[in-house]
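In the numbering used here, the protein residues as written are 9 to 170.
No residue lacks a Cβ here, since even glycine has one placed at the ideal position from N, Cα and C.
Remember, it's a predicted structure, so these values are computed and weren't measured experimentally.
Take a look at the structure set out below.
Set out below in structure tokens:
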């Protein structure tokens, strides 16, 4: 009747100065809030940190860089029931635009405080720790193996050779 973007505002006859109830028809410029998703990964960090309140605030936001949405960022946690984190940034703006979700989720995943500050020190002499696997010499030269956790990957741990 009023079109896709019309909004009808109802008021009293006294407020409108007329006998009718409908006193203003205008263009609805507010973005539509999408329905709250059914997150299949119930024990994921997404299930914990994407609350109805945060969803209401962020579901209509699109990043300036690529138009990425929170719905796209959490798609794997919505679709699959085996995700630990369940979120991916589509571009650099995702971290800023969806900070209400990303910041506490990343902090919990990495076990860091919200007030933590990252400092870089490229002085190799300050590196401390142990290497669990000794370097191996092969016919082609020096070889080492790096294991990454790949916790959200269906393949699990990945081996990289250098």
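First and last residue of the uninterrupted alpha helix (DSSP H) at residue i
i, result
"residue 65", "60-66"
"residue 56", "53-57"
"residue 40", "Careful: residue 40 lies outside any alpha helix (DSSP H) and carries neither H nor E."
Sheet register partners of residue i (DSSP bridge)
i, result
"residue 77", "70"
Beta-carbon proximity of residue i to residue j, cut-off 9 angstroms
i, j, result
"residue 108", "residue 65", "yes"
"residue 94", "residue 74", "no"
"residue 49", "residue 118", "no"
"residue 82", "residue 47", "yes"
"residue 54", "residue 85", "yes"
"residue 79", "residue 56", "no"
"residue 60", "residue 76", "no"
Simplified DSSP state of residue i, which is helix, strand or coil
i, result
"residue 99", "coil"
"residue 105", "helix"
"residue 115", "helix"
"residue 32", "With a pLDDT of 43 at residue 32, under the threshold of 50, the modelled position of this residue cannot be trusted; read the value that follows with caution. Looking at residue 32 - three-state DSSP - the assignment turns out to be strand."
"residue 134", "helix"
"residue 91", "coil"
"residue 83", "helix"
Cβ distance (whole Å) where residue i is taken to contact residue j below 8 angstroms
i, j, result
"residue 105", "residue 71", "5 angstroms"
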